[in-house]
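**Q**
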Amino acid sequence: MDKNPLMQKRQVDSKKCPECLVYLAPDARECFSCGTRVREADAMGIARRRVNWKAYLYSVVTAAIFGLYLWWAFFKDS
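Read in order, the letters of the sequence shown are residues 6 to 83 in my numbering.
Right, here's the structure in full:
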């Protein structure tokens, strides 16, 4: 039984930036047009974004500070 050729993973000779859709070299780590950091391409040839760890860390720290403020403002014994 033959597999559907459209469903098979194919070798891509270029990839696209997920932000500005500019064609990039397959080994590019950053878009030359918009500066977005990119990873390997998916099956459609569109590069995946890298994880923005600074944003996740900032969100966790902000949530912790907000939680401490709520504890201090409403639950701390006077």
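Beta carbons are placed, not taken as given, at the ideal position from N, Cα and C, and that holds for glycine.
This one's a predicted model, so the numbers in the text were calculated from it and none came from an experiment.
From F71 to K59, what distance separates their C-alpha atoms?
**A** Taking the straight line joining both Cα atoms gives about 18 Å.
**Q** Do you know how far the Cα of G50 is from the Cα of D82?
**A** Distance between the alpha carbons of D82 and G50 is about 58 Å.
**Q** Between the alpha carbons of A48 and T41, how many angstroms are there, rounded?
**A** So the alpha carbons of these two residues sit roughly 20 Å apart.
**Q** State the Cα-Cα distance for the pair Y28 and R44, rounded to the nearest angstrom.
**A** Cα-Cα distance, rounded: 13 Å.
**Q** Which residue comes first and which comes last in the alpha helix (DSSP H) that contains V66?
**A** Counting along the chain, the alpha helix (DSSP H) containing V66 begins and ends at W58 to L75.
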